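For the protein sequence lines, the chains are L and U, in the order given. Each number in my numbering comes from the position in the first sequence (counting from 1) with 2 added on. Each number in my numbering comes from the position in the second sequence (counting from 1) with 2 added on. Taking it in order: structure first as structure tokens, then the write-up.
Number of protein chains: 2
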Amino acid sequence: MSHTLGVRQAQKQQSRRALLDAGLLLLEHQNLSSLGVREVTRTAGMSPAGFYRHFRDLDDLGVALVEESLASLHGMITAVLAGEGDAEQLIDRTVEVVARHVREHRAHVRFLARERHGGVQPVRAAITAELDAFTVEVAAALGTQEQSAAWSQADLRMLSGLYVEHLVSTAAAFLEAPGDQPEAEQRIAATARAQLRLISLGRLHWPTA
Amino acid sequence: MSHTLGVRQAQKQQSRRALLDAGLLLLEHQNLSSLGVREVTRTAGMSPAGFYRHFRDLDDLGVALVEESLASLHGMITAVLAGEGDAEQLIDRTVEVVARHVREHRAHVRFLARERHGGVQPVRAAITAELDAFTVEVAAALGTQEQSAAWSQADLRMLSGLYVEHLVSTAAAFLEAPGDQPEAEQRIAATARAQLRLISLGRLHWPTA
DNA sequence: TCATTCAGTAAACAACTGTTTGCCGACTTT
DNA sequence: AAAGTCGGCAAACAGTTGTTTACTGAATGA
């Protein structure tokens, strides 16, 4: 689909990427609301004025980061949920997918966790919107499982909300674990799996009207 | 227990309170990492240098806010969990307590949600520590319930972790709802209750070794 | 009563901030 | 090859920032 941009567009996108990467790097240890334009351009190797060729605001850059942060996760989880296997296997795969996603996109996930309730309204709104859309997707995927075929739409939303919330907090827990210590990661994964198993039991005995 | 402080100590505490309140007010719309000493002292009606008579840092002020933010919640929930009544009643009371706590301590709760994954390490550590302690308390309270008398320590921790995480995200959801619209609050409460009921079902059928 | 303590102040410091301006020079289109 | 587009830059703007300094004056304790 990439239409082989002209040299000019390519260079511009490269600069834009540099700005996004610089932001992502700096946001590892601070909040978006304390980030500075000069700070970002400095670590991106660009003059301060150049920033405004790409973004209106730092909020604008933040919203762009939200979009690319959740892009990859969307499909992965829904694919797992639509996959075959019993509940136990789905749980194992889900937790493994989350763990890998955090490992491979640490900075993005940290950014999301940090700004989800952060002080920048547009970014907060963008994250909430993406997460809501994700919840709807999960609800749809759950609806196709035979286990919850007879569930009402409202109950499916309730359940998918619980799952998404659990997924987010599991990701946050993985973040907290130091990246070089796999035993902590294993402990978090084991707890997450047990919690999902308990929820699964609840599902099994949920009274369908 | 208040030992009728001398006039001097009383005035100092009053100023300290003014600083904490100013911080809390400003943190409603921004992050701790972007808060300024001058900003705080200005809205507290004090000279910038005065700040340092009370706190070393803004991080220091942040940690103080963490402590007073979680002080009240501790007892409330554990009291509910240790109370009488069937599972359904405990769920109703729990959600009601959380809703009221958010209503009455909006600024504190917002601060906790915002800084839990925020950019200021000492504050993040303080919140994590308090929340861990809270999880242990909940696990102990759950252990006394007949429903989970035969559970292992590890499983109790797993379950209380799930409960605390759910409580936190419910509180965050209440925060998002506009304070003047009680119908949104009711919707969130209903969802939270349903999710707790589902977890309760899972508990009931959890295999005890 | 007199000396001491100490919360709060005003002023100064150098360093930093976001944003606008006019400009240059490389790419693009005609 | 000429004209136009436009990403990036240096410089300047008026603010803001954290922190230290020496000080004042009221509460304290002898």
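The C-beta atom is built at its ideal place from N, Cα and C for all residues, glycine as well. Predicted model only: the values in this text are computed from it and were never measured.
Contacts around residue i, its chain only, beta-carbon distance under 6 Å, and the 5 residues preceding and following it disregarded
{"i": "A46/L", "result": "A20, L21, A24"}
{"i": "E117/L", "result": "L34, V125"}
{"i": "R40/U", "result": "P50"}
{"i": "A128/U", "result": "V65, V68"}
{"i": "T137/U", "result": "S162, G163, V166"}
{"i": "A89/U", "result": "S202"}
{"i": "R95/L", "result": "V82"}
{"i": "E139/L", "result": "T80"}
{"i": "M78/L", "result": "V99"}
Assigned exposure category for residue i - 16 Cβ within 10 Å defines buried
{"i": "S35/L", "result": "buried"}
{"i": "H76/U", "result": "exposed"}
{"i": "L7/U", "result": "exposed"}
{"i": "T210/L", "result": "exposed"}
{"i": "L206/L", "result": "exposed"}
{"i": "A156/U", "result": "exposed"}
{"i": "S74/L", "result": "exposed"}
{"i": "R112/U", "result": "buried"}
{"i": "Q197/U", "result": "buried"}
{"i": "A101/L", "result": "buried"}
{"i": "V9/L", "result": "exposed"}
{"i": "G204/U", "result": "buried"}
{"i": "S154/L", "result": "exposed"}
{"i": "G87/U", "result": "exposed"}
{"i": "G85/U", "result": "exposed"}
{"i": "H31/L", "result": "exposed"}
{"i": "A191/U", "result": "buried"}
{"i": "G120/L", "result": "buried"}
{"i": "A194/U", "result": "buried"}
Neighbourhood of residue i by C-beta, 7 Å cutoff - its chain only, sequence neighbours within 5 removed
{"i": "L158/U", "result": "A141, L144, G145, S150"}
{"i": "I201/U", "result": "L164"}
{"i": "V122/L", "result": "L34, S35, D61, G64"}
Close beta carbons around residue i, own chain, < 8 Å, minus the five adjacent residues each side
{"i": "G181/U", "result": "R105, R108"}
{"i": "A115/L", "result": "V170, A173, A174, L177"}
{"i": "L27/U", "result": "T45, A109"}
{"i": "E148/L", "result": "none"}
{"i": "M160/U", "result": "none"}
Residue i (DSSP reduced to helix, strand or coil)
{"i": "L60/U", "result": "helix"}
{"i": "M3/L", "result": "Only weak support is given to the placement of M3/L: the predicted model assigns it a pLDDT of 39, under 50, and the value that follows is read from those uncertain coordinates. If DSSP states are grouped into helix, strand and coil, M3/L belongs with coil."}
{"i": "V122/U", "result": "coil"}
{"i": "R19/L", "result": "helix"}
{"i": "H31/U", "result": "coil"}
{"i": "D88/U", "result": "coil"}
{"i": "P180/U", "result": "coil"}
{"i": "T80/U", "result": "helix"}
{"i": "L37/L", "result": "coil"}
{"i": "S74/U", "result": "helix"}
{"i": "T43/L", "result": "helix"}
{"i": "H110/U", "result": "helix"}
{"i": "Q197/L", "result": "helix"}
{"i": "A151/U", "result": "coil"}
Chain U contact residues for residue i, given Cβ-Cβ distances below 8 Å
{"i": "A143/L", "result": "Those within 8 Å of A143/L in chain U number zero; the least Cβ separation is about 18 Å."}
{"i": "G163/L", "result": "T193, Q197"}
Contact list for residue i against chain L, beta-carbon separation under 8 Å
{"i": "M160/U", "result": "T193, A196, Q197, L200"}
{"i": "E167/U", "result": "E167, H168, S171"}
{"i": "Q32/U", "result": "S35, G121"}
Residues that residue i contacts on chain L, provided the C-beta gap is smaller than 7 Å
{"i": "A174/U", "result": "H119"}
Under 9 Å by beta carbon: chain L residues contacting residue i
{"i": "W208/U", "result": "R199, L200, L203"}
Requested in this report: With 9 Å as the C-beta to C-beta threshold (strictly closer), list the residues of the region 193-204 of chain L near chain U in chain order.
Outcome: T193, A196, Q197, R199, L200, I201, S202, L203, G204
**Report entry** Interface positions of the region 81-103 of chain U facing chain L (Cβ-Cβ less than 8 Å), listed along the chain
**Finding:** none
Query raised in the report: What residues in the region 102-130 of chain L bring their beta carbon closer than 7 Å to a beta carbon of chain U?
Result: Listed by position along the chain: A115, R116, H119, G120, G121.
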